[in-house]
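Residue numbers (UniProt numbering): 6 to 427.
Here a beta-carbon is modelled for each residue, glycine too, at the ideal position from N, C-alpha and C.
Here is the structure we will look at, set down as structure tokens.
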Ligand code: URA
């Protein structure tokens with residue numbers, strides 16, 4: 006095949022065949038198709054879309070570029086969750102031990118943050134001693150002994166996607182449903198989980214702001230999973246407002262531990278329980294009482310075991326930032342708005358996220374919210390606190406929060422929609 010012909014086909018709204026897609030992904034992985042050619046193709050796909058067959062072929066070709074894992078030796082069902090990413094989205098932390106406490110295996114291959122959405126591995130690395138990199142053998146052994154694992158996806162899993170995702174990131178081609186769906190699902194199918202629950206975000210802090218596009222992304226991924234033999238379902242959830250009260254890394258671990266102790270913010274608890282019920286339903290336990298496992302300490306026991314198994318000390322103090330600054334309510338009223346995206350960008354500018362893949366994150370940096378939309382506030386009440394190791398970061402963080410929140414009269418509050426849309 007000639008890659009220029011394939012680019013022209015997608016440019017002119019044509020369809021690529023299975024052998025063409027197989028050849029393309031193999032040639033790109035091995036360096037025979039250049040980044041500039043793949044970037045042109047990615048842009049043509051973003052603009053003109055792909056058929057369902059093309060998306061399936063692309064996903065299968067990316068899986069075939071690397072290894073496939075196999076958990077069948079465990080002798081228990083495996084179930085995973087994937088979120089398309091949000092602000093303050095620490096749900097994996099309480100969810101994984103909660104589900105594992107029901108005797109199913111939860112292999113959470115996770116990533117690091119890039120841009121304003123945080124990464125689960127970055128959050129957990131604020132726990133002293135905790136290790137993100139495990140060999141496949143260590144991962145299997147831990148799933149067998151404690152039932153859950155959160156670790157970095159090894160470089161052998163869908164290498165074509167790693168290369169393509171890095172290219173999309175710098176060419177404005179991330180936001181294409183065929184490319185997002187094949188990217189996420191190639192890794193999840195190659196991972197070898199029996200079942201998968203997708204948490205697809207909609208709203209201002211999500212990839213897809215529009216709920217109709219989020220629904221299309223969810224449906225595309227659900228079809229890809231089920232066609233490949235992975236029992237897959239999706240929840241559509243609200244990312245107009247940050248999840249919970251903590252945005253950052255160490256503070257999100259702290260909040261997750263509160264949830265595991267039976268407390269924590271209502272929205273984090275609600276989403277954790279909804280996803281846990283769905284995961285256990287797919288794993289054959291439709292009647293699991295997930296709230297009871299949070300209340301009676303089973304989920305916390307499971308968390309302590311998983312953190313220890315990866316070298317972490319769950320009792321060690323978490324890092325605290327050197328500097329803080331708090332923003333106070335200029336008037337009394339109701340908090341009308343608190344927009345996820347600018348709060349995510351502000352936390353990122355404080356050092357909680359990274360601009361380039363090789364940057365380090367500052368684990369104690371972030372934002373703690375003291376009120377949520379709909380809350381009544383008094384004049385002078387603390388609204389949120391920014392934390393950073395370097396006070397020079399506050400100015401840029403605060404500038405991204407201008408206009409991101411609003412206090413008004415009680416009657417003006419319009420809500421921000423249900424947390425779980427379906
Ligand atoms: N996460 C991924 O892994 N890939 C995408 O394309 C988007 C989000």
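Distance check for residue j and residue i, CA to CA, integer angstroms please.
{"i": "residue 330", "j": "residue 116", "result": "30 angstroms"}
{"i": "residue 236", "j": "residue 291", "result": "14 angstroms"}
{"i": "residue 108", "j": "residue 152", "result": "7 angstroms"}
{"i": "residue 228", "j": "residue 84", "result": "17 angstroms"}
{"i": "residue 208", "j": "residue 244", "result": "5 angstroms"}
{"i": "residue 318", "j": "residue 114", "result": "21 angstroms"}
{"i": "residue 304", "j": "residue 283", "result": "16 angstroms"}
{"i": "residue 255", "j": "residue 325", "result": "8 angstroms"}
{"i": "residue 393", "j": "residue 376", "result": "20 angstroms"}
{"i": "residue 126", "j": "residue 165", "result": "22 angstroms"}
{"i": "residue 62", "j": "residue 272", "result": "38 angstroms"}
{"i": "residue 389", "j": "residue 120", "result": "21 angstroms"}
{"i": "residue 332", "j": "residue 160", "result": "42 angstroms"}
{"i": "residue 66", "j": "residue 146", "result": "29 angstroms"}
{"i": "residue 218", "j": "residue 321", "result": "43 angstroms"}
{"i": "residue 82", "j": "residue 169", "result": "31 angstroms"}
{"i": "residue 373", "j": "residue 103", "result": "24 angstroms"}
{"i": "residue 177", "j": "residue 7", "result": "24 angstroms"}
{"i": "residue 34", "j": "residue 230", "result": "23 angstroms"}
{"i": "residue 19", "j": "residue 311", "result": "49 angstroms"}
{"i": "residue 199", "j": "residue 234", "result": "8 angstroms"}
{"i": "residue 226", "j": "residue 92", "result": "22 angstroms"}
Could you check what DSSP says for residue i in three-state terms: helix, strand or coil?
{"i": "residue 140", "result": "coil"}
{"i": "residue 414", "result": "coil"}
{"i": "residue 335", "result": "coil"}
{"i": "residue 112", "result": "strand"}
{"i": "residue 218", "result": "helix"}
{"i": "residue 95", "result": "coil"}
{"i": "residue 228", "result": "helix"}
{"i": "residue 390", "result": "strand"}
{"i": "residue 117", "result": "coil"}
{"i": "residue 351", "result": "helix"}
{"i": "residue 176", "result": "coil"}
{"i": "residue 40", "result": "helix"}
{"i": "residue 235", "result": "coil"}
{"i": "residue 147", "result": "helix"}
{"i": "residue 377", "result": "coil"}
{"i": "residue 81", "result": "coil"}
{"i": "residue 212", "result": "coil"}
{"i": "residue 157", "result": "strand"}
{"i": "residue 12", "result": "helix"}
{"i": "residue 182", "result": "helix"}
{"i": "residue 371", "result": "strand"}
{"i": "residue 162", "result": "coil"}
{"i": "residue 329", "result": "strand"}
Leaving aside the five residues before and after residue i along the sequence, list all residues of the same chain whose C-beta is less than 8 angstroms from its C-beta, in chain order.
{"i": "residue 419", "result": "341"}
{"i": "residue 9", "result": "42"}
{"i": "residue 313", "result": "319"}
{"i": "residue 411", "result": "340, 341, 342"}
{"i": "residue 328", "result": "392, 393, 394, 395, 396, 399"}
{"i": "residue 232", "result": "61"}
Ignore the nearest five residues each way along the sequence and tell me which others in residue i's own chain have a CB closer than 7 angstroms to its CB.
{"i": "residue 267", "result": "299, 300"}
{"i": "residue 402", "result": "351, 354, 355, 391"}
For residue i, I'd like the list of residues in its chain whose CB is within less than 6 angstroms of its CB, leaving aside the five on either flank, ordered along the chain.
{"i": "residue 422", "result": "243"}
{"i": "residue 216", "result": "207"}
{"i": "residue 257", "result": "95, 128, 251"}
{"i": "residue 406", "result": "347, 351"}
{"i": "residue 359", "result": "366"}
{"i": "residue 89", "result": "205, 206, 212"}
{"i": "residue 27", "result": "66"}
{"i": "residue 188", "result": "166, 170"}
{"i": "residue 45", "result": "12"}
{"i": "residue 315", "result": "135, 136"}
{"i": "residue 293", "result": "107, 285"}
{"i": "residue 2", "result": "No answer is possible for residue 2: the residues shown for the chain start at 6 and end at 427."}
Is there at least one Cβ from chain C nearer than 8 angstroms to residue i's Cβ?
{"i": "residue 419", "result": "The chain inventory of the structure shown lacks chain C, comprising one protein chain alone."}
Legend entry - Residue ranges of each alpha helix (DSSP H) within the segment 266-324, 4 or longer: 271-287, 295-300, 303-314
Inset, instruction - Spell out a yes or no on whether the segment 355-363 and the segment 373-386 are touching, meaning 3 or more CB-CB pairs, one atom from each, closer than 8 angstroms. - result: no
Legend entry - Three-pair Cβ contact test at 8 angstroms for the segment 173-184 versus the segment 68-76: no
Inset, instruction - Answer yes if the segment 46-61 comes into contact with the segment 85-94, meaning at least three C-beta pairs across the two stretches below 8 angstroms, and no otherwise. - result: no
Inset, instruction - Ignoring anything shorter than 4 residues or poking outside the segment 16-65, list the alpha helix (DSSP H) runs there in chain order. - result: 23-34, 40-53
Legend entry - Whole runs of the alpha helix (DSSP H) within the segment 237-267, excluding any shorter than 4 residues: 255-265
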